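Some notes on the structure that comes next.
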Amino acid sequence: MFKTLLKNTLLLNISAFLMVLILEILSVWAIKDRFDTDYLFYMHSVNFTVFIMGTIWINHFILIPYVFDKKRYLLYTLLLILIVFLGAYLKGYAKNGWYGVSKMFFFLIYTTGSGMAAYFVRRNIIFRRENEEKEKLQKEMELNYLKEQVNPHFLFNSLNSIYALSRQQSPETPEVVMQLSELMRYQLESSKKETVLLKEELEFIENYLLLEEKRLSKRCTVEFLIEGNLSGLKISPMLLITFVENAIKHGAQSTNEPSSIDISVIVKNATLYFCVKNSKPSLIPDSKRKGFGLENVKRRLQLLYPNAHALEIKDSDKFYLVNLSVDLAISN
Numbered sequence: 014m015f016k017t018l019l020k021n022t023l024l025l026n027i028s029a030f031l032m033v034l035i036l037e038i039l040s041v042w043a044i045k046d047r048f049d050t051d052y053l054f055y056m057h058s059v060n061f062t063v064f065i066m067g068t069i070w071i072n073h074f075i076l077i078p079y080v081f082d083k084k085r086y087l088l089y090t091l092l093l094i095l096i097v098f099l100g101a102y103l104k105g106y107a108k109n110g111w112y113g114v115s116k117m118f119f120f121l122i123y124t125t126g127s128g129m130a131a132y133f134v135r136r137n138i139i140f141r142r143e144n145e146e147k148e149k150l151q152k153e154m155e156l157n158y159l160k161e162q163v164n165p166h167f168l169f170n171s172l173n174s175i176y177a178l179s180r181q182q183s184p185e186t187p188e189v190v191m192q193l194s195e196l197m198r199y200q201l202e203s204s205k206k207e208t209v210l211l212k213e214e215l216e217f218i219e220n221y222l223l224l225e226e227k228r229l230s231k232r233c234t235v236e237f238l239i240e241g242n243l244s245g246l247k248i249s250p251m252l253l254i255t256f257v258e259n260a261i262k263h264g265a266q267s268t269n270e271p272s273s274i275d276i277s278v279i280v281k282n283a284t285l286y287f288c289v290k291n292s293k294p295s296l297i298p299d300s301k302r303k304g305f306g307l308e309n310v311k312r313r314l315q316l317l318y319p320n321a322h323a324l325e326i327k328d329s330d331k332f333y334l335v336n337l338s339v340d341l342a343i344s345n
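Everything in the sequence shown is counted per my numbering, starting at 14 for the first residue and increasing by one.
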């Protein structure tokens, strides 16, 4: 990284030197005949370019990093004026006296100011690029962390389901274990990907619901409706399952009363409309609704689909409703 930065800095300053040299040669080309030889003409241009660039380099590599960047603005201004004045005096006094000094002074102010403008523009571009890279890296790290949290959360809920079946000595327990292994296989494979096919994600949810239906027996009615064209659409993996888990955990699983879960998936113009509605038990503490999984998925939505999703959650006395819309066009 340092070698690349040094190389770019050298190339940029060499290019700036050559550009100033060319401009200097062109500016005095009309009086070229005043020089005895072409060599003296070109050496005059080189010397003047070195003088101009030397003033600019002193400002860029000494004054700005060691004075200006330390917020010593008054000292920086005084030193810059002093250096420009000394340069103007050395270059202009011998030929034209104080008139030459004043003329050279304002010329150096102009060239140094132009160099400063280019310097700060370039530095701002570099800083902005670095900040964007840092934000991107931070976002990737946070997303990876959030994605990793989904696995143990989902596994914990699934193992609870199997535990409940085993306590009932249900003959379906071995089959449920196999179903869980398939679900975990999909989860492990999808966790390595940025996006998965929406069709596969919905199949995963459907299989999860089938597993839960066996555990909940007949006391919970589950409806799962899908409408629209899913082909080619992709979504971040394990993004929707949290809402389904919450519907089961805080609805049917928390009571022996008859309950219901209605899930609808509608796709229109590459926008996913995902709705989960579950009945609520007669008595349930509000605190049970707050969990890690819901906060996790909210944060993932903010990071993955900024300004491209809408999440509405309604918690009434008789039901809990989640309405989520996601524009999947940005991930396809």
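Even for Gly, the Cβ is constructed at its ideal location relative to N, Cα and C. From a predicted model like this one, the values you see are computed outputs, not experimental measurements.
Beta-carbon separation (whole angstroms), residue i vs residue j, contact threshold 8 angstroms
| i | j | result |
| --- | --- | --- |
| R232 | P271 | 6 angstroms |
| T68 | L121 | 6 angstroms |
| N336 | V280 | Incorrect: roughly 15 angstroms between the Cβ atoms, too far for contact. |
| L285 | L211 | 7 angstroms |
| M66 | V33 | 6 angstroms |
| I239 | V278 | 5 angstroms |
CB contact flag (residue i, residue j, <7 angstroms)
| i | j | result |
| --- | --- | --- |
| R203 | P250 | Here residue 203 turns out to be Ser, not Arg, going by the sequence shown. Cβ distance < 7 angstroms, so S203 and P250 count as in contact. |
| L88 | V80 | yes |
| T255 | V310 | yes |
| F237 | I276 | yes |
| F61 | F54 | no |
| L252 | F287 | no |
| I369 | V257 | Outside the shown range of the chain, which is 14 to 345, sits residue 369, and nothing can be said about it. |
| L224 | Q192 | yes |
| A130 | F118 | no |
CA nearest to the CA of residue i, picked from the options
| i | options | result |
| --- | --- | --- |
| V289 | L317, N259, Y318 and V280 | N259 |
| E216 | T284, Q200 and L121 | Q200 |
| K206 | D275, K247 and L172 | K247 |
| D328 | N291, I44, F133 and Y132 | N291 |
| E213 | E225, K227 and E195 | E195 |
| L103 | V114, L95, L93 and I94 | V114 |
| L39 | V59, I27 and Y86 | V59 |
| N26 | F74, K45 and E225 | F74 |
| E308 | L324, I77, L31 and K293 | L324 |
| K320 | D340, G306 and V235 | A quick correction: the sequence has Asn, not Lys, at residue 320. The shortest Cα separation from N320 among D340, G306 and V235 belongs to D340. |
Identified DSSP bridge partners for residue i
| i | result |
| --- | --- |
| V278 | I239 and F287 |
| F332 | S292 |
| L324 | L337 |
| S272 | C233 |
| K247 | L210 |
Min CB distance residue i to chain C below 7 angstroms
| i | result |
| --- | --- |
| I326 | Among the chains in the structure shown there is no chain C, since it carries only a single protein chain. |
Exercise. Which runs of the alpha helix (DSSP H), 4 residues or longer, sit entirely within the segment 41 to 69?
Worked result: Those alpha helix (DSSP H) runs which fall completely within the segment 41 to 69 and span 4+ residues do not exist here.
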